[in-house]
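Novice:
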Amino acid sequence: MTRLFLPGEPLHIQAEQGRPTAFGWRGEMLEIIEINHHWRVDLGWWDPNVCINREYWEVLTDTGLLCLLYHDLPQGDWFLSRIYD
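One gets our numbering by counting positions in the sequence shown from 1 and adding 991 to each.
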């Protein structure tokens, strides 16, 4: 079962050269050991009221957690979007 977080749970991210290497979530720091997929979504650029400009990262952590993170590029904030079972 997949657990979806809407609109996303805020994260504290450690990154190197724009790539996430670890993140803090619910009081625990999780190291990212593998990046499975990375893609960018740029929707509604013509309308600032509905604009979505994000980078998505499907990652595996050192605890075995497979999850989807996203980086809100205009704001600079990171969020947990989904956890896969």
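Every residue gets a Cβ at the ideal spot worked out from N, C-alpha and C, and that includes glycine.
Note that the structure is a prediction, hence the values are computed from the model and not measured.
1. Counting pairs of Cβ atoms below 8 Å between the segment 1028-1039 and the segment 994-1005, do you hit three or more?
2. Exposed or buried, C1042, counting other C-beta atoms within 10 Å across all chains shown (16 or more means buried)?
3. Which residues mark the beginning and the end of the beta strand (DSSP E) in which L1059 is found?
4. Taking only three categories from DSSP, how would you classify W1030?
5. Skipping 5 residues on each side, what residues in its chain have a beta carbon closer than 6 Å to that of L1057?
6. Among the residues of its own chain, which have a CB less than 8 Å from the CB of G993, if the five just before and after it don't count?
7. Thinking C-beta only, is L1071 closer than 8 Å to L1060?
8. State the start and end residues of the unbroken beta strand (DSSP E) segment that holds N1044.
Specialist: Inspection of the coordinates gives the following:
1. no
2. For the purposes of this step, residue 1042 is taken as the residue at position 51 of the sequence shown. Classification for C1042: exposed.
3. Locating residue 1059 in the sequence shown gives position 68, where the first residue counts as 1. Its beta strand (DSSP E) spans residues 1057-1063.
4. The sequence position of residue 1030 within the sequence shown is 39, counting from 1. Note: W1030 maps to strand in three-state DSSP.
5. If you number the sequence shown from 1, residue 1057 lands on position 66. Cβ neighbours of L1057 beyond the five flanking positions: L1051, Y1075.
6. Here the question's residue 993 lines up with position 2 in the sequence shown. Going by the sequence as given, residue 993 is Thr instead of Gly. Non-local beta-carbon contacts of T993 in its own chain, meaning distances under 8 Å to residues more than five positions away in sequence, involve R1073, I1074, Y1075, D1076 in chain order.
7. Here residue 1060 refers to the residue found at position 69 when the sequence shown is read from its first residue. Here residue 1071 refers to the residue found at position 80 when the sequence shown is read from its first residue. Result yes, Cβ atoms of L1060 and L1071 sit closer than 8 Å.
8. Here residue 1044 refers to the residue found at position 53 when the sequence shown is read from its first residue. Residues 1043-1052.
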